[in-house]
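There are 2 protein chains.
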Amino acid sequence: MNVVDSTGSPFARLRPVPTEAVTLTDAFWEPRREINRRVTLPTQFRHIEDTSRLDNFRRASGKKTGIDFVGIYFNDSDVYKWLEGAVVEGREDPALQPMIETAIVEIQDAQQADGYLNTYFMFEREKDRWTNLRDMHEMYCAGHFIQSAVAHYRSGGDDRLLNVARRLADHMDAKYGPEGEPGACGHEEAELALVELYRATGETRYLALAKRMIDARGQEPSAVLQGRGGDRRYHQDHVPYRQLSEVTGHAVRMMYLAAGAADVYLETGEQALWDAMMRQWDNMTERRSYVSGGLGARYEGEAFGKDYELPNDRAYSETCAAIGSVMWNWRLLLATGDARYSDLIEHTLFNAVLPGLSLDGQHYFYQNPLENDGAHRRQPWFGCACCPPNVARLLAQLTGYFYSVDDAGDIFVHLYARGSAQIALPDGRTIPMTVTTEYPFDGEVEITVGADGDFGVCLRVPEWAGGARLSVNGEDADATPGTYARLRRDWKTGDVIRLELPFEPRFLRSHPYVSENTARVAVFVGPLLYCAEKTDNGEIPNLQDAYVADPADFEKTTVWDLPGVVALRGSTLIQSPVTMRLYGSRFFEPSHAMRPLTLVPYYAWANRDPGQMIVWLREQE
Amino acid sequence: MNVVDSTGSPFARLRPVPTEAVTLTDAFWEPRREINRRVTLPTQFRHIEDTSRLDNFRRASGKKTGIDFVGIYFNDSDVYKWLEGAVVEGREDPALQPMIETAIVEIQDAQQADGYLNTYFMFEREKDRWTNLRDMHEMYCAGHFIQSAVAHYRSGGDDRLLNVARRLADHMDAKYGPEGEPGACGHEEAELALVELYRATGETRYLALAKRMIDARGQEPSAVLQGRGGDRRYHQDHVPYRQLSEVTGHAVRMMYLAAGAADVYLETGEQALWDAMMRQWDNMTERRSYVSGGLGARYEGEAFGKDYELPNDRAYSETCAAIGSVMWNWRLLLATGDARYSDLIEHTLFNAVLPGLSLDGQHYFYQNPLENDGAHRRQPWFGCACCPPNVARLLAQLTGYFYSVDDAGDIFVHLYARGSAQIALPDGRTIPMTVTTEYPFDGEVEITVGADGDFGVCLRVPEWAGGARLSVNGEDADATPGTYARLRRDWKTGDVIRLELPFEPRFLRSHPYVSENTARVAVFVGPLLYCAEKTDNGEIPNLQDAYVADPADFEKTTVWDLPGVVALRGSTLIQSPVTMRLYGSRFFEPSHAMRPLTLVPYYAWANRDPGQMIVWLREQE
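Residue numbers (the numbering used here), protein chains in the order written: chain G, 1 to 621; chain Y, 1001 to 1621.
Following this line, the structure appears as structure tokens:
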């Protein structure tokens, strides 16, 4: 599953606090999770049935005859991603159970006697199995299935799917393991899944196979292209992974590969893997990320661009790539306990993953532009429907990202939301904690410790939170931004930790090499990126003409049609070009036209009337 | 041919002064034309043979057996474009004659009994002829052949190719004319070619067929997609042409379509066609053109982007699209005599067509970025080799773009270069003219009239030439920028016209909606766009850190490794970012580091050591 089980991982610093140990009662996440349970997952199941994605399994098992495979050859993976989310949520929502059971049975029955499982390569296409690793996503589909099987097993399900997963992994191991040929999928995903299967089963062959797949990239001859042509960079196959110093090619694949490498690292501690990941992480965060945390600058190849190539309107920023970033950074966090990874996880969740899903839970963005004329709208489903179930499975497992523990008895608090948790320390103690906050709309967080004893509580102080204040029972403690503030003491039940994060609006600017953002600012409050939408700003004919001067000009407000959302109200100088010429010497007359300007969180955009949206506002000189 | 024959076109204001009437003796164009004749065309012929492009014809005619069609299905068109250039140049260079004769014979022999001519759809693929207009470029290839046949005929060749063209056009007319089905090619080109064939033969069916193809676009059901899926906008098929108000989709196709529409207009005078072209022209020039005149913002679809979407490093700006723009604007100029079209032709020739060809005449750009890290280099040939022979045929016909005449006895001088011309007026008189100038590196142009008589001389005064001065035999005359300055008088042999165009360096800025160019300037001298290349500026680690203040800081100079080219030398303030962070609040410390900055004409970039190149320089506040 997405939230890995690092309990036995020798090179993990942090151990899991599982999804079911955390309860949210907040007004931000929990309503969205309820929508995920009640609306998103059920409607996705309907789409899956309506688009014959399950019929493809019924065809493979012989239950349905006289029909062709329907859809794209990797459509099985959508069923698996949906299932991974559903089995986690299913614990709390019996209404999902019949759907889950249907999916389990159909998948189980579609597995072949030799362990093979892919509904596209059946019958007339059976002969083509494993003949085109570059394009056909067989390992990718297998990986998503394995993730769902592990999630089902860990969520208190039986071992039916886990056994299917073992047989499938054994089949792949026979073909591509030490006794077989070198091979790696054009679309990475199986690597991280196999490590999880290793964790769930203890079978070291699966870990070895995952490592072997990573090792296979960038070799001569290519184990991905297998004699075919193609863009090796697109497939992260132009150099061996350990020599890769940038994030490149197809963004989702890059993230899944890096997550798989991190999983292998957690088990092996191989320094060369770690060094490569660090170079890639620096390249990504210093040169190839949107201010939203979104990844992928190019439509062509759904790919990372060059350094500083970050167009706003033409941002690709695929929702799945942001999810992949969360997955990778989660594994890096488990390895280190370094707050820079959890900072990025939070940032990406709010500003790059959540925009992929409508507030009603039934519409999705594939691409997430940072500027738009209003034509880009969320869709109920896609032919290539990778993003919708990817968001659903992440939300289903969200509570798994909130806490970790370490072997020294420290509790790490990564994310903040009203709720409670029962945190099991490795030594067997369970510590109840209660959190009171309006985060992410307010920076005051109060945590009440629910047990006596000596343990640590490590609170993430976000890097942006200059001026953060921390206290225990009213006594100040150190809170350095960009670190975990560690409070280790002999706790008494009822002790109150209070963290105050500054929530003044602030402007961020881009590195000057990002040409599109020259003389522009992005507005943040706390962890949330804001944007201007036309629907709130009817008095401004073109939001490109709006110049803002000072974050202190903005104050919190509400807008009637986004209930529960904190908006910002400020003012802006309007400077409209006075000529239609594309190139010339002068475009402006002096202007003194001031207008009110309303901003809303970027994650909430495109949920109302279509219209212009802009993240990067022009800055008044 | 590219330079159309508007002699009999009822809605043309201007009549041709043919290529052979104009002689250039200048140091800019004529050496390039000689390279075109002696190097480019012969080496291209060798590529054509080496890549089996002519063998495909020999296979079709049965002269070569046991071989398959080689290459891309539209490779015939490269032979035709090469031939169009070669037959014009062949007049002056007998060395080209054997190559031309080879091509003519192979083409002629490959034509089928029913007039069909396309070497891809032979034998096993014969059954697939005309079954996929969207993708297979059959009309496109036919169009390029017809252009070459007309060029051959007009260049004093025999009528062999013209007869092949007639049979081919008759074949298409039977299939897609009034007696046939509606149909239009996914890649426009046949339209303009058929109008030219009409002009060369007088056969009105060809004009009617061209119009019918334009009419067929944007209809229901689609005559382009023919029941297939696909992006109608990409093919300019989403609305009828007369309703199209923007330049959109594949840029080359858009330009060829517009040129075809202009050709139909020149013959029919249909107002709705004209109105549509004017809307498209405004959209193109006001919102969708690079400062180079290059067209096409997107790699995906080789397409126009949205309004103001003009990335520099990721510019597509295909050389062929610029050539298409020259073709379209030439036809608009013939219709109107309006200097805005000839301004754009000159601008595009220097700054968007010429960069497509190396100074050695053997290497080509397909894409023309306005900013690059040095990795983008011209190639000797391409699998899809549309651009190389397109440049060659344009250079071969260049002298045809220099002059026109009108029925009132006015001579229009569109372009300036040292040389002479024998200009035939419609009334039968021939006027010799001699031009002395160092244009485009200097703005002084002297024209000596070589005959007595009453006629007009209309000199293009470029729109950028504020402060231009004009005189006849020392007497001042009016010279309004952006118009043709008309001198009508009773000329005496030896009368001297003197035009002085200001050649001080000047800065152009972008409309503020072009986000990438915020706070940047492009440097021009006369018609030439300049850029900074790393090879001249070794002292500046990153040209993105160079800020320029004033065009008057630049003066003309030379660089040793671009002989004959006027460079610029100025100074620049260096401001380097002090942090690697991608987003933050501050990136600069005050700087006073001044460095010399050398600029060279953009057309000449990437002819020396690879390195960073930048057109849009940062402007110091």
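Idealized CB from N, CA, C, for every residue including glycine.
Nearest to residue i (by Cα), restricted to the options the options
{"i": "Met-213(G)", "options": "Leu-349(G), Pro-596(G), Leu-192(G), Trp-330(G)", "result": "Leu-192(G)"}
{"i": "Ala-451(G)", "options": "Leu-470(G), Val-461(G), Ala-477(G), Asp-495(G)", "result": "Asp-495(G)"}
{"i": "Ala-519(G)", "options": "Val-1326(Y), Leu-1394(Y), Glu-1619(Y), Ile-1323(Y)", "result": "Glu-1619(Y)"}
{"i": "Tyr-530(G)", "options": "Met-613(G), Tyr-153(G), Ala-208(G), Leu-133(G)", "result": "Met-613(G)"}
{"i": "Ala-1259(Y)", "options": "Tyr-1308(Y), Thr-1248(Y), Trp-1330(Y)", "result": "Trp-1330(Y)"}
{"i": "Tyr-1073(Y)", "options": "Leu-1398(Y), Val-1105(Y), Gln-1397(Y), Thr-1119(Y)", "result": "Thr-1119(Y)"}
{"i": "Thr-579(G)", "options": "His-1511(Y), Phe-1588(Y), Arg-1581(Y)", "result": "His-1511(Y)"}
{"i": "Arg-1340(Y)", "options": "Ser-1515(Y), Gly-1482(Y), Gln-1236(Y)", "result": "Gly-1482(Y)"}
{"i": "Leu-1207(Y)", "options": "Pro-1369(Y), Tyr-1265(Y), Met-1255(Y)", "result": "Tyr-1265(Y)"}
{"i": "Tyr-1513(Y)", "options": "Val-461(G), Gln-544(G), Leu-528(G)", "result": "Gln-544(G)"}
{"i": "Leu-1225(Y)", "options": "Arg-1134(Y), Gly-1293(Y), Asn-1283(Y)", "result": "Arg-1134(Y)"}
{"i": "Glu-500(G)", "options": "Gly-229(G), Arg-586(G), Ser-471(G)", "result": "Ser-471(G)"}
{"i": "Leu-1161(Y)", "options": "Thr-1025(Y), Val-1239(Y), Leu-1197(Y)", "result": "Leu-1197(Y)"}
{"i": "Trp-82(G)", "options": "Gly-570(G), Pro-355(G), Gln-397(G), Val-326(G)", "result": "Gln-397(G)"}
{"i": "Trp-1381(Y)", "options": "Gln-1280(Y), Asp-1442(Y), Ser-1061(Y), Arg-1053(Y)", "result": "Arg-1053(Y)"}
Opening and closing residue of the alpha helix (DSSP H) in which residue i lies
{"i": "Phe-554(G)", "result": "Unbroken run through Phe-554(G): none, as it is neither H nor E."}
{"i": "Tyr-1256(Y)", "result": "1251-1268"}
{"i": "Phe-57(G)", "result": "53-60"}
{"i": "Arg-205(G)", "result": "204-216"}
{"i": "Leu-1197(Y)", "result": "1190-1201"}
{"i": "Asp-50(G)", "result": "41-50"}
Beta carbon of residue i nearer than 7 Å to that of residue j
{"i": "Cys-458(G)", "j": "Tyr-439(G)", "result": "no"}
{"i": "Pro-388(G)", "j": "Gln-147(G)", "result": "no"}
{"i": "Val-195(G)", "j": "Asp-263(G)", "result": "yes"}
{"i": "Ala-392(G)", "j": "Thr-40(G)", "result": "yes"}
{"i": "Ala-184(G)", "j": "Arg-217(G)", "result": "yes"}
{"i": "Ala-165(G)", "j": "Ala-190(G)", "result": "no"}
{"i": "Val-548(G)", "j": "Leu-599(G)", "result": "no"}
{"i": "Ala-546(G)", "j": "Val-615(G)", "result": "no"}
{"i": "Val-88(G)", "j": "Ile-100(G)", "result": "no"}
{"i": "Gly-1361(Y)", "j": "Ile-1035(Y)", "result": "yes"}
{"i": "Tyr-308(G)", "j": "Arg-279(G)", "result": "no"}
{"i": "Ser-325(G)", "j": "Thr-348(G)", "result": "yes"}
Short CB-CB distance (under 7 Å) between residue i and chain Y
{"i": "Ser-515(G)", "result": "yes"}
{"i": "Ser-580(G)", "result": "In the sequence under discussion, the amino acid at residue 580(G) is Met, which differs from the Ser named in the question. Yes, contact with chain Y."}
{"i": "Thr-480(G)", "result": "no"}
{"i": "Tyr-299(G)", "result": "yes"}
{"i": "Tyr-530(G)", "result": "no"}
{"i": "Tyr-234(G)", "result": "no"}
{"i": "Phe-635(G)", "result": "In the structure as shown, chain G starts at 1 and stops at 621, and residue 635(G) therefore has no counterpart that could be examined."}
Any chain G beta carbon closer than 7 Å to residue i
{"i": "Gln-1544(Y)", "result": "yes"}
{"i": "Thr-1518(Y)", "result": "yes"}
{"i": "Pro-1502(Y)", "result": "no"}
{"i": "Phe-1524(Y)", "result": "no"}
{"i": "Leu-1266(Y)", "result": "no"}
{"i": "Val-1291(Y)", "result": "yes"}
{"i": "His-1511(Y)", "result": "yes"}
{"i": "Leu-1508(Y)", "result": "yes"}
Extent of the continuous beta strand (DSSP E) to which residue i belongs
{"i": "Ile-1622(Y)", "result": "Shown here, chain Y extends from 1001 to 1621; a query on residue 1622(Y) therefore has no answer."}
{"i": "Cys-531(G)", "result": "528-533"}
{"i": "Tyr-1484(Y)", "result": "1483-1491"}
{"i": "Thr-1598(Y)", "result": "1593-1601"}
* To do: Let me know the alpha helix (DSSP H) ranges lying completely inside the stretch 1126-1169 of chain Y, each 4 residues or longer, listed in chain order.
  => 1138-1154
* **beta strand (DSSP E) runs contained entirely in the stretch 1399-1459 of chain Y, provided each spans 3 or more residues** => 1403-1406, 1410-1413, 1419-1424, 1430-1437, 1444-1449
* To do: Jot down the residue ranges of each uninterrupted beta strand (DSSP E) in the stretch 268-293 of chain G, minimum 3 residues, whole runs only, in chain order.
  => none
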